[in-house]
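Student: Those protein sequence lines, which keep their order, are chains R and D. Here the first sequence stands for residues 1 to 296, where the numbers follow the numbering used here. Here the second sequence stands for residues 297 to 452, where the numbers follow the numbering used here. A virtual CB, placed ideally from N, CA and C, is assigned to each residue, including glycine. Values in this document were obtained by computation on a predicted structure and should not be read as measured data. Can you keep this structure in mind? I'll have questions shortly.
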Amino acid sequence: MSRLVSALLAVVLLGFGGFLLLSSPHSVDVALYDGLKGDAAKGELVFWAGGCASCHAAADAKGADELVLAGGQEFPSAFGTFVAPNISPDPVQGIGGWTLVEFANAVTQGVGKDGAHLYPALPYNAYNKMVPQDVADLKAFMDGLPASAEPSKPHQISFPFNIRRSLGIWKLLFVRDDWVIAGDLTPEQTRGRYIAEALAHCGECHTPRNALGGLQRSAWLSGAANPDGKGRTPNITPAKLTWSAADVVEYLTSGFTPEFDSVGGHMAHVVENMAKLPESDRQAVAAYLQLVPPVN
Amino acid sequence: MKKRLIAFTTMAALTAFGVYAQDAEDPFADAVETRHGLMLQMASDLGTLGGMAKGEVAYDKATASKAAANVAAIASVISMAQFPAGSENGKSADSYALADIWAKQDDFLAKITDLNNAAAAMQTAAATDGDAIKASMAQLGGACSACHKAYRQPES
Chain R
1 MSRLVSALLA VVLLGFGGFL LLSSPHSVDV ALYDGLKGDA AKGELVFWAG GCASCHAAAD
61 AKGADELVLA GGQEFPSAFG TFVAPNISPD PVQGIGGWTL VEFANAVTQG VGKDGAHLYP
121 ALPYNAYNKM VPQDVADLKA FMDGLPASAE PSKPHQISFP FNIRRSLGIW KLLFVRDDWV
181 IAGDLTPEQT RGRYIAEALA HCGECHTPRN ALGGLQRSAW LSGAANPDGK GRTPNITPAK
241 LTWSAADVVE YLTSGFTPEF DSVGGHMAHV VENMAKLPES DRQAVAAYLQ LVPPVN
Chain D
297 MKKRLIAFTT MAALTAFGVY AQDAEDPFAD AVETRHGLML QMASDLGTLG GMAKGEVAYD
357 KATASKAAAN VAAIASVISM AQFPAGSENG KSADSYALAD IWAKQDDFLA KITDLNNAAA
417 AMQTAAATDG DAIKASMAQL GGACSACHKA YRQPES
């Protein structure tokens with residue numbers, strides 16, 4: 001009997017050890033960031049393409065207020081409510097004084113300065129495809145934004161999802177750093193893929209998720225239930241989105257659909273962001289969307 | 297037989313009352329229909345301008361100017377008159393209007409002013425050329441979506 005208890009205990013301990021090993025946070029390859037200098041002007045385009053302000057500024061912010069990344073917006077989901085943190089350059093409440101590697105770990109690996117996993121409400125499953133120079137440029141731009149001393153509010157996440165260590169397993173299962181649309185792409189399609197899959201993180205809302213919140217890459221961009229439970233994000237594969245490239249460019253510039261309805265909801269943020277990029281980037285996104293396999 | 301007649305009469309009465317009750321409960325049907333009509337006419341005129349902006353249709357000054365004048369006229373009509381308190385999503389059939397319209401009425405009205413300014417800019421652009429229309433489309437679209445982002449319940 002006692003032998004059975006010992007054996008069970010050994011299995012439990014081994015399992016726990018394995019859990020600790022598999023769930024441990026990983027850092028970026030520091031060598032990739034060694035000596036990189038950020039260019040704030042280029043970083044501004046990365047900032048808008050990445051949609052940082054849409055979640056980290058106040059919900060109704062416009063103009064200069066969009067650059068105050070004090071956090072506070074709430075994102076309800078099946079796992080609880082995530083609250084966007086303060087990522088302004090405030091050294092106490094924000095991320096002022098972080099090194100480039102600390103910043104890169106948060107943005108691309110979902111690992112905070114304290115070494116703990118961050119929740120994937122931060123789309124690091126897309127940002128992990130960013131080139132290190134863009135991460136450096138982004139940091140240079142964000143370092144120059146106004147600081148806010150507003151404290152970050154805690155997430156309201158229920159058990160067991162509030163155990164951050166378990167996110168290590170989630171990452172093992174669902175985080176992928178390869179492109180969804182592979183193969184030989186033209187330079188324009190490649191640029192569009194970079195914007196759509198790495199920066200603008202289209203798939204985070206437009207791709208369905210499984211019960212554990214992992215993206216179903218085989219149904220890429222085929223539409224999904226809104227995380228807050230109200231309505232759906234539309235299917236934008238060529239099976240349903242039959243707009244011409246010019247129509248997509250117009251939509252991402254002015255927000256007008258081909259029927260001249262106008263964009264609303266969270267997508268209105270995305271259009272505001274995309275409208276700040278050069279037109280060639282919007283054309284690239286349109287070219288990329290035509291490559292996506294149709295899903296009905 | 298008598299029982300069946302009573303049941304039938306009750307059903308008929310309930311049905312009639314139901315229909316009546318539905319009408320009585322939705323005094324905003326006209327306001328909502330007016331809003332949608334204004335938006336549809338706006339979309340039609342924007343379609344004329346958008347075709348020229350995208351280069352799908354050749355620029356024609358008279359046609360563009362007429363469409364832009366219509367957009368400006370519709371923008372000037374939009375006011376709280378079409379948004380009586382209570383004509384909101386969930387309370388009035390077919391309404392996508394969010395309750396914040398009334399809670400943040402000053403901001404809502406400011407966004408209508410923005411729309412009128414953008415429509416005036418489009419009138420100038422429409423008298424110029426297709427490129428000017430294209431450039432003006434972004435400002436006009438921004439005015440439309442600013443309001444739709446804050447005050448319209450997303451579809452689907």
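Does any residue of chain R bring its CB to less than 9 Å from the CB of M348 (chain D)?
Tutor: So no, M348 (chain D) is outside the interface.
Student: Along chain D, which residues have their Cβ under 7 Å away from the Cβ of T242 (chain R)?
Tutor: Here the premise fails: no neighbours, minimum Cβ distance about 16 Å.
Student: If we define contact as Cβ-Cβ less than 9 Å, is P238 (chain R) a contact residue for chain D?
Tutor: Output row for P238 (chain R): interface = no.
Student: Which stretch, first to last residue, makes up the alpha helix (DSSP H) that contains S254 (chain R)?
Tutor: Note, S254 (chain R): alpha helix (DSSP H), 245-254.
Student: May I have the straight-line CA-CA distance separating F75 (chain R) from M433 (chain D), to the nearest angstrom?
Tutor: When rounded, the distance between both Cα atoms is 32 Å.
Student: I need the straight-line Cα distance from D425 (chain D) to Y355 (chain D), nearest angstrom please.
Tutor: Their Cα atoms are separated by approximately 7 Å.
Student: Rank D:D326, D:T344, D:A327 by C-alpha distance to the C-alpha of E259 (chain R) and give the top, closest one.
Tutor: Checking every option, the nearest Cα to that of E259 (chain R) belongs to D:T344.
Student: Mind pulling the chain D residues with CB within less than 9 Å of A246 (chain R)?
Tutor: Under the 9 Å cutoff, chain D gives K350, G351, E352.
Student: Specify the secondary structure class of I163 (chain R) as computed by DSSP and reduced to three states.
Tutor: Residue state, collapsed to three classes: coil.
Student: Who are the neighbours of A339 (chain D) on chain R, taking C-beta pairs under 8 Å?
Tutor: Correct list: E259, F260, D261.
Student: What span of residues does the beta strand (DSSP E) with G80 (chain R) cover, start to end?
Tutor: From DSSP, the beta strand (DSSP E) with G80 (chain R) extends over 80-83.
Student: Does A275 (chain R) have its Cβ less than 9 Å from a Cβ in chain A?
Tutor: Reference to chain A is not applicable here, since the protein chains of this structure are R and D.
Student: Can you tell me whether DSSP reads T302 (chain R) as helix, strand or coil?
Tutor: The question about residue 302 (chain R) has no answer, for chain R in this structure spans 1 to 296.
Student: With a cut-off of 8 Å on the beta carbons, I'd call L138 (chain R) and G43 (chain R) a contact; round off their distance for me.
Tutor: The pair is a contact, with the Cβ atoms about 5 Å apart (cut-off 8 Å).
Student: Just the Cα atoms here: how many angstroms apart are Q283 (chain R) and K430 (chain D)?
Tutor: Going by the C-alpha atoms only, they are around 15 Å apart.
Student: Any Cβ of chain D within less than 9 Å of the Cβ of V12 (chain R)?
Tutor: By this cut-off, V12 (chain R) is not an interface position.
Student: Between the stretch 138-154 of chain R and the stretch 65-72 of chain R, are three or more C-beta pairs nearer than 8 Å?
Tutor: Output reads yes: the stretch 65-72 of chain R touches the stretch 138-154 of chain R.
Student: So, at 6 Å on beta carbons, what are the nonlocal neighbours of E451 (chain D) in its own chain, with the 5 sequence-adjacent residues on each side left out?
Tutor: Closer than 6 Å at Cβ, skipping near neighbours: no residue.
Student: Does chain R have any CB closer than 9 Å to the CB of L436 (chain D)?
Tutor: Closer than 9 Å: yes.
Student: Mind listing the chain D neighbours of F256 (chain R)? Cutoff is C-beta to C-beta under 8 Å, in chain order.
Tutor: Neighbours of F256 (chain R) on chain D, chain order: L342, G346, M433, G437, C440.
Student: Assuming contact is defined by CB atoms lying nearer than 9 Å, are V78 (chain R) and G229 (chain R) in contact in what I supplied?
Tutor: It should be noted that the sequence gives Ala, not Val, for residue 78 (chain R). A contact, by the Cβ cut-off of 9 Å.
Student: How would you list, in chain order, the residues of chain D whose beta-carbon sits under 8 Å from the beta-carbon of E250 (chain R)?
Tutor: What E250 (chain R) touches in chain D: G346, A349, K350, M433.
Student: Measure the C-alpha to C-alpha separation of A211 (chain R) and R3 (chain R) and round it to an integer number of angstroms.
Tutor: Distance between the alpha carbons of A211 (chain R) and R3 (chain R) is about 39 Å.
Student: How is the beta strand (DSSP E) around E74 (chain R) delimited, first residue to last?
Tutor: Its beta strand (DSSP E) spans residues 74-77.
Student: Leaving out five residues on either side along the sequence, give the residues of the same chain with a beta carbon under 6 Å from the beta carbon of S361 (chain D).
Tutor: So the qualifying residues of the chain are A422, A423.
Student: In angstroms, rounded to a whole number, what distance separates the CA positions of H269 (chain R) and S23 (chain R)?
Tutor: Roughly 34 Å between the two C-alpha positions.
Student: Mind checking the stretch 382-397 of chain D against chain R and listing, in chain order, the residues whose C-beta falls within less than 9 Å of any C-beta there?
Tutor: Against chain R - using a Cβ distance shorter than 9 Å - the residues of the stretch 382-397 of chain D are Y392.
Student: What residues match up with L215 (chain R) in a beta bridge as DSSP calls it?
Tutor: Answer is R:R209, bridged to L215 (chain R).
Student: Can you confirm whether R237 (chain D), when its beta carbon is compared against all beta carbons of chain R, has any partner nearer than 9 Å?
Tutor: No statement about residue 237 (chain D) is possible, as the shown extent of chain D runs from 297 to 452 and does not include it.
Student: Please state the DSSP three-state secondary structure of S158 (chain R).
Tutor: The answer is coil: DSSP assigns S158 (chain R) none of H, G, I, E or B.
Student: Determine, using beta carbons only, whether V292 (chain R) and T257 (chain R) come nearer to each other than 9 Å.
Tutor: Going by C-beta atoms, V292 (chain R) is not nearer than 9 Å to T257 (chain R).
Student: When you compare the CB positions of N105 (chain R) and V175 (chain R), do they come within less than 9 Å of one another, or not?
Tutor: Result no, Cβ atoms of N105 (chain R) and V175 (chain R) do not sit closer than 9 Å.
Student: So with Cβ pairs under 9 Å, would you call V295 (chain R) a contact of chain D?
Tutor: Not closer than 9 Å to any Cβ of chain D, the Cβ of V295 (chain R) fails to qualify, so no.
Student: So, is I163 (chain R) buried or exposed, given that buried needs 16 or more other C-beta atoms within 10 angstroms?
Tutor: Exposed, by the Cβ-count rule.
Student: Between E44 (chain R) and chain D, is any beta-carbon pair separated by less than 9 Å?
Tutor: It does not; no Cβ of chain D falls within 9 Å.
Student: Please classify S375 (chain D): does DSSP put it in a helix, a strand, or coil?
Tutor: In this structure, S375 (chain D) counts as coil in the three-state DSSP scheme.
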